[in-house]
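Protein chains in written order, with the working numbering: chain A, 1 to 281; chain B, 1 to 376; chain C, 1 to 296. Beta carbons are placed, not taken as given, at the ideal position from N, Cα and C, and that holds for glycine. Source: prediction; values computed, not measured.
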Amino acid sequence: MRPRAVDYVATAQFLWLALVLLFVLAPIALIVVYAFSSAPYGVFPPPGLSTKWFVKLFHQDDLTHAALNSLIVALATMAVSLMVGTLAALALVRYRFFGRELVRAMFLAPLIVPRIALGVGILIYVVLLHRFGGLDSVVMAHVMVALPFVISVLSASLIGADRVLEEAAMDLGATPVETFFRVVLPQIRTGLIVSAFFAFITSWDEVETSIFLVKTHNIVLPVAMFYYLEHYQDPVIAALSVFLIVIALAVAVMLVVLLKPRELPQVLGNREPEPDSGATA
Amino acid sequence: MTEPSSRGGVSPARPSMPAEIDVEVRDLTKRFGAVLAVDHVSLQIRRGEFFSILGPSGCGKTTTLRIIGGFEFPSEGDVFLRGCMATGVPPYRRSTNMVFQQLALFPHLSVFENIAFGLRVRRTPARDVHRKVAAVLGLVDLVGLGDRSIRHLSGGQKQRVAIARALINEPAVLLLDEPLGALDLKLRLQMQSELKALQHRLGTTFIYVTHDQGEALVMSDRIAVMRGGRVEQIGTSYEIYARPRTRFVATFIGEANVLEARVIGAEADGMLRVDCHSLRVLVGAADAPASSGTALALSIRPEHVKIGRAADYYPNRWEGTVQEVIFMGAIIRCRVRIAASCVVTAEVHSDQADGLSPGAKLQIGWARESAVLLRE
Amino acid sequence: MTTAGGSRHLRHLRQRFVQVPLLMPAMTLTLGIFWVAMAVLLVLSVYPFLSETPRFTLAGWQKFVTDEFYWHVVRTTLTLALLVTGLTLIVGYPVAQAITRIRRPGILVMIYVVLVSPILVSVVVRTYGWLLLLSKQGLLNFALLRLGIVRDPVSLIFNMTGILIAMVHILLPFMVFPILSVMTQLDPDLKQAAGDLGASRWVTFRRVTLPLTLPGIISGCQIVFTLTISAFVTPFFMGGGRVQVLSGLIFRDVEGVNLSFASVVVFITLGLIVSILILTNRLTRQIYERADVSRT
């Protein structure tokens, strides 16, 4: 590679990266702008600044109710898919049994099904079971969407978990259950955190599988927003979006903070002083 | 296979007690699919012994150890710990603790918590935990390192943590699976003497698995030599070295000249005359008298092969031609041809280097008692 | 030794079946919900048990296959998927390349967060943002008019273009990350070796980097393609009723309580996805067999 004074290719790539990142942020940033605009429809540049849309938002009880439902559903989805997914991943990774690949495929199949199709299927199923109209059917649907990812991520995590450590724990007196909680779980911490966040966010934002399962009393936030957007386009939805963006940012920050302690040593590894080998053994 | 408790060399400062058996395996067999890893192994390990299982990779020594520890279930045979049947008992209910080859230290715990793990599992009160961990840290010379993360330890330090973690539970038997393999030579030698001293101090039964014969000879009270899933010989270091029973044991431990021979006849004083590569050799008779024509193998250690004047009084002496001289510092090894198809290795002190050069002719021989009859 | 022998047998049995209780919850859920639901749908597509006169019929399937309108919808969906996949690839590949050059962990983390932000924010929020940005009074037209690039505001929403832009926006991370993960595993010595042997940067790219990152490209394309075919919300809003995709059909039919026809559309869509996946997997295998490279 001939050295250059100016690496044109690299510069071009960085420029492109910057442009793309701008592209990615643009609509989100714009929403924030409109939330504070005084105009009742989307016009650029905004004629003036105002917080009236936030005020109007606070008076929308139905949206608050929807948000609460969403929270309950998301937490439930996270809990169920994590617990069920961990057990399933354990079985798939640790044990060799007849039909293992078939079972794995069976678990991962929902990934390729369009979510709206999943929504229809569960709708009919739920109607047949006379369980239509509760939050439990929504949780069921969301778990079906999140579970394949959770199983995937946890399987990958478990493969990296050292089995000798489990033997060591058992040798020291821990039963298999104790070993799982004391030794295995800490090792798959990253996978667990990522899966938990993913399950939560997926459920929190999920529209297509929820839309057929909800009526006014068990409506979830994304569906409420969907209908609102379908009929009105006033910036109340922008104000709400600002809140959701803030929540999303908080989630991202939480994720980074929780995962950082793990990544730090790898990232700073080459700057750590070499432990003395042998001299003071 | 109980051995008489006579030791031919180093004797510990312990009064001889009636041997209590801490660990016994009977007819232990383990198959992994079509592979027979352990083939009808029987051992009796005495309380307070430093017992080594020695052999090349793949001989089944680690598998045997893991069965004793409870990590593998034998296909046939049983394990007894202090007289009680322990075959189906899981590792968390056995009075054994293991130091793993890969150490298996918990990366998410500090040194203190690693060592305290066994105590925590047993819900030992915090005060006792602190006291015991402090005591064992002193025992393995790691005082003050309790709060360190595992990642910041050297190889030797990690080794000690692994040992401490096992010992703090006061097991009846400590199992060690090639624990010093990852250390450099100097450290390994140092740890060998430390481990030996530790075992002596604690009186705990140690079962030590290694492929390093020097290590086994130095540290052990008794050694079991394994090959291909079977035990070839059990004995003290001296017995294994001076009286190997099989070809494998003779060549695996130290150097040996293994010569094929055929019995010609018995002598008056109980000696056997054998024909070895058309040389007449006198050897001490084995327990069972061998009839004329029986084929057998002799093993002679190179240091017992004398050259020049030193060989004057041996009935087994011939003239040989030096093929090769290897200078090894304190000793010289030379390969000498004594018959058309027979080259023996002699080991002599560097002082006797005079006249040793390829092509030189010299007298070479060994005492009748130096040759050991090998049974296959 | 009967006790030992007996317990030995029990142990073997236990070892063979210990995974069953572990799998039970997940299997009950997945089988019980997902697979049953899919089966019910399949049945519904040929036996409309929810209507007044249920009987076994292929009328729904016939309707789909014979009506040109539905083929148009299929074509629209496939075209959209192809275009989105192509665009995200062209946009995303250089992004991955740029990211591999970045060393500072702090900046890397920020870039990942920005890239992933469309996923964190709800699909409705994203789509709304694009509606605002691309509308006739929106930011983009404002800029274009001000800069004099166009004389009249360009219509960028409620048509295919709008859908394209919004879909690329959301699906970009799904293309970038698979490519990135393959790229970071690339041995930097390979590019140096190529340069050593006299290859220009373009040739190195074409003959070394591109082939070696192909698995990531294919993986990314599969994901983006599948997700585009399945997409509902974004085409629904950005298309404004003028562009109809398969998922939109499903929604319309459910709202119109044509559930059995909706299930027909579901399986048509599923069939498309599965065929594409099978085809691309076969293609990948062929490429690698030809190059005699083993896929890790």
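Exercise. Since serine 52 (chain B) is in the beta strand (DSSP E), which residue starts that stretch and which ends it?
Worked result: Here residue 52 (chain B) corresponds to residue number 52 of the second sequence, with the count starting at 1. 50-54 is the extent of the beta strand (DSSP E) around serine 52 (chain B).
Problem set entry | Interface partners of tryptophan 16 (chain A) on chain C, CB under 8 angstroms | Indexing the first sequence from 1 puts residue 16 (chain A) at position 16. What tryptophan 16 (chain A) touches in chain C: Pro94, Val95, Ala98.
Exercise. I think alanine 156 (chain A) touches leucine 133 (chain C), with their Cβ atoms under 8 angstroms apart; what is that distance to the nearest whole Å?
Worked result: Numbered from its first residue, the first sequence carries residue 156 (chain A) at position 156. Numbered from its first residue, the third sequence carries residue 133 (chain C) at position 133. Not a contact, Cβ separation roughly 37 angstroms.
Problem set entry | Chain-order list of residues whose beta-carbon lies under 7 angstroms from that of glutamate 324 (chain B) (same chain, five-residue window excluded) | The count along the second sequence starts at 1 and reaches residue 324 (chain B) at position 324. Result list for glutamate 324 (chain B): Cys334, Arg335, Pro358, in chain order.
Exercise. So alanine 346 (chain B) is in the beta strand (DSSP E); what residue range does that whole segment cover?
Worked result: Here residue 346 (chain B) refers to the residue found at position 346 when the second sequence is read from its first residue. Unbroken beta strand (DSSP E) run through alanine 346 (chain B): 342-349.
Exercise. From methionine 140 (chain A) to aspartate 253 (chain C), what distance separates their C-alpha atoms?
Worked result: By one-based count along the first sequence, residue 140 (chain A) stands at place 140. By one-based count along the third sequence, residue 253 (chain C) stands at place 253. About 23 angstroms.
Exercise. Got a sec? Which residues, its chain only, sit under 6 angstroms from leucine 140 (chain C) by beta carbon, not counting five neighbours each side?
Worked result: On the third sequence, residue 140 (chain C) is found 140 positions in, with the first residue counted as 1. Result list for leucine 140 (chain C): Leu133, Leu134, in chain order.
For this session: For valine 123 (chain C), I'd like the list of residues in its chain whose CB is within less than 8 angstroms of its CB, leaving aside the five on either flank, ordered along the chain.
Result: Here residue 123 (chain C) is taken as the residue at index 123 of the third sequence, counted from 1. Excluding sequence neighbours, valine 123 (chain C) sits near Ile170, Val233, Thr234.
Exercise. Taking the alpha-carbon positions, what's the alanine 251 (chain A) to valine 121 (chain B) distance?
Worked result: One-based indexing of the first sequence puts residue 251 (chain A) at position 251. One-based indexing of the second sequence puts residue 121 (chain B) at position 121. Alanine is not the amino acid found at residue 251 (chain A); the sequence shown has valine there. Approximately 35 angstroms, taken between the alpha carbons.
For this session: Buried or exposed for methionine 254 (chain A), please, with buried defined as at least 16 other CB atoms from any protein chain shown within 10 angstroms of its CB.
Result: Walking along the first sequence from the start, residue 254 (chain A) turns up at place 254. With fewer than 16 other Cβ atoms within 10 Å, it is exposed.
Problem set entry | Separation of cysteine 276 (chain B) from isoleucine 264 (chain B), as counted between CA atoms | For this step, residue 264 (chain B) is matched to residue 264 along the second sequence. For this step, residue 276 (chain B) is matched to residue 276 along the second sequence. Those two C-alpha atoms are separated by around 10 angstroms.
Exercise. Residues of chain A with CB under 8 angstroms from glycine 69 (chain B), in chain order?
Worked result: Along the second sequence, one-based indexing puts residue 69 (chain B) at 69. Simply Asp171.
Exercise. Under a CB-based cut-off of 7 angstroms, is aspartate 7 (chain A) close to chain C?
Worked result: For this step, residue 7 (chain A) is matched to residue 7 along the first sequence. Proximity of aspartate 7 (chain A) to chain C, defined by a Cβ-Cβ separation below 7 angstroms, is not satisfied.
Problem set entry | Cα-Cα separation, tyrosine 8 (chain A) to alanine 18 (chain A) | Sequence index remark: in the first sequence, residue 8 (chain A) carries index 8 (1-based). Sequence index remark: in the first sequence, residue 18 (chain A) carries index 18 (1-based). C-alpha separation (whole angstroms): 15 angstroms.
For this session: Please list the partners that methionine 302 (chain C) has in chain A, where partner means a Cβ-to-Cβ separation under 7 angstroms.
Result: Residue 302 (chain C) is absent from the structure shown; chain C starts at 1 and stops at 296.
For this session: Consult DSSP for phenylalanine 80 (chain B) and reduce its assignment to one of helix, strand or coil.
Result: Walking along the second sequence from the start, residue 80 (chain B) turns up at place 80. In this structure, phenylalanine 80 (chain B) counts as strand in the three-state DSSP scheme.
Exercise. So, does the CB of glutamate 101 (chain A) fall closer than 7 angstroms to a CB anywhere in chain F?
Worked result: No chain F appears in this structure, whose protein chains are A, B and C.
Problem set entry | Interface residues of the stretch 80-100 of chain B facing chain A [CB-CB below 9 angstroms] | With the criterion set as a beta carbon lying under 9 angstroms from some beta carbon of chain A, the members of the stretch 80-100 of chain B are Pro90, Pro91, Tyr92, Arg93, Arg94, Thr96, Asn97, Met98, Phe100, in sequence order.
Exercise. Contact check, arginine 247 (chain B) vs valine 258 (chain B) under 8 angstroms by CB: the rounded distance?
Worked result: As a working mapping, residue 247 (chain B) is identified with position 247 in the second sequence. As a working mapping, residue 258 (chain B) is identified with position 258 in the second sequence. About 6 angstroms; that satisfies the 8 angstroms criterion.
Problem set entry | Through-space distance from serine 200 (chain C) to arginine 207 (chain C), alpha-carbon basis | Numbered from its first residue, the third sequence carries residue 207 (chain C) at position 207. Numbered from its first residue, the third sequence carries residue 200 (chain C) at position 200. Straight-line Cα distance between these residues: approximately 10 angstroms.
Exercise. Using a Cβ-Cβ cut-off of 8 angstroms (strictly less than) and excluding sequence neighbours within five positions of glutamate 267 (chain B), which residues of its own chain qualify?
Worked result: Working through the second sequence from its first residue, we reach residue 267 (chain B) at position 267. Cβ neighbours of glutamate 267 (chain B) within its own chain (closer than 8 angstroms, five residues either side excluded): Arg273, Leu282.
Problem set entry | Inter-residue Cα distance where the pair is glutamine 213 (chain B) and phenylalanine 252 (chain B) | Against the second sequence, residue 213 (chain B) aligns to sequence position 213. Against the second sequence, residue 252 (chain B) aligns to sequence position 252. So the alpha carbons of these two residues sit roughly 7 angstroms apart.
Problem set entry | Check whether valine 322 (chain B) and alanine 360 (chain B) have beta carbons under 7 angstroms apart | Residue 322 (chain B) sits at position 322 when you count from the first residue of the second sequence. Residue 360 (chain B) sits at position 360 when you count from the first residue of the second sequence. Yes, the Cβ-Cβ distance between valine 322 (chain B) and alanine 360 (chain B) is below 7 angstroms.
Exercise. On the three-state DSSP scale, how would you describe leucine 134 (chain C)?
Worked result: Position 134 of the third sequence, counting from 1, holds the residue named residue 134 (chain C). It is helical.
Exercise. Is there contact here, the stretch 56-74 of chain B with the stretch 140-160 of chain B, by at least three beta-carbon pairs under 8 angstroms?
Worked result: no
Exercise. So, are the CB atoms of tyrosine 128 (chain C) and leucine 221 (chain A) less than 7 angstroms apart?
Worked result: As a first step, residue 128 (chain C) must be located in the third sequence, where it is residue number 128. As a first step, residue 221 (chain A) must be located in the first sequence, where it is residue number 221. No, the pair does not count as a contact, with Cβ atoms beyond the cut-off.
Exercise. According to DSSP, is leucine 272 (chain B) helix, strand or coil?
Worked result: Residue numbering aside, residue 272 (chain B) sits at position 272 when the second sequence is read from its first letter. Residue state for leucine 272 (chain B) is assigned as strand, using DSSP reduced to three classes.
Problem set entry | Span of the beta strand (DSSP E), counted from its first residue to its last, around methionine 98 (chain B) | Along the second sequence, read from residue 1 onward, the residue named residue 98 (chain B) stands at position 98. It spans 96-99 - the beta strand (DSSP E) in which methionine 98 (chain B) sits, taken as one unbroken run.
Problem set entry | Under the three-state DSSP convention, the category alanine 66 (chain A) falls into | Residue 66 (chain A) sits at position 66 when you count from the first residue of the first sequence. Three-state DSSP puts alanine 66 (chain A) in a helix.
Exercise. Are phenylalanine 50 (chain B) and serine 220 (chain B) closer than 7 angstroms when you measure CB to CB?
Worked result: Taking the second sequence and counting its residues from 1, one reaches residue 50 (chain B) at position 50. Taking the second sequence and counting its residues from 1, one reaches residue 220 (chain B) at position 220. Yes, the pair counts as a contact, with Cβ atoms nearer than the cut-off.
Problem set entry | Euclidean distance between Cα positions of isoleucine 240 (chain B) and proline 215 (chain C) | Along the second sequence, one-based indexing puts residue 240 (chain B) at 240. Along the third sequence, one-based indexing puts residue 215 (chain C) at 215. Cα to Cα, isoleucine 240 (chain B) sits roughly 58 angstroms from proline 215 (chain C).
For this session: Determine the chain B residues that contact threonine 190 (chain A) at a beta-carbon separation under 8 angstroms, and present them in chain order.
Result: Indexing the first sequence from 1 puts residue 190 (chain A) at position 190. The premise fails here: threonine 190 (chain A) is roughly 11 angstroms from chain B at the closest Cβ pair, so nothing lies under 8 angstroms.
Exercise. Since tyrosine 98 (chain B) and aspartate 177 (chain B) are thought to touch, with beta carbons under 8 angstroms apart, how far apart are those beta carbons, to the nearest angstrom?
Worked result: The residue given as residue 98 (chain B) occupies position 98 in the second sequence. The residue given as residue 177 (chain B) occupies position 177 in the second sequence. The question names tyrosine, but residue 98 (chain B) is methionine in the sequence shown. Their Cβ separation, rounded to whole angstroms, is 7 angstroms, which keeps methionine 98 (chain B) and aspartate 177 (chain B) in contact under 8 angstroms.
Problem set entry | Environment of cysteine 84 (chain B) [buried if 16+ CB atoms lie within 10 Å] | Translated into the one-based positions of the second sequence, residue 84 (chain B) becomes position 84. Exposed, by the Cβ-count rule.
For this session: Indicate the three-state DSSP secondary structure (helix, strand or coil) for glutamine 192 (chain C) in the structure shown.
Result: Within the third sequence, residue 192 (chain C) is the residue found at index 192, counting from 1. Here DSSP, grouped into helix, strand and coil, assigns glutamine 192 (chain C) to helix.
Problem set entry | Under the three-state DSSP convention, the category leucine 147 (chain C) falls into | Numbered from its first residue, the third sequence carries residue 147 (chain C) at position 147. Of the three classes helix, strand and coil, the one that applies to leucine 147 (chain C) here is coil, per DSSP.
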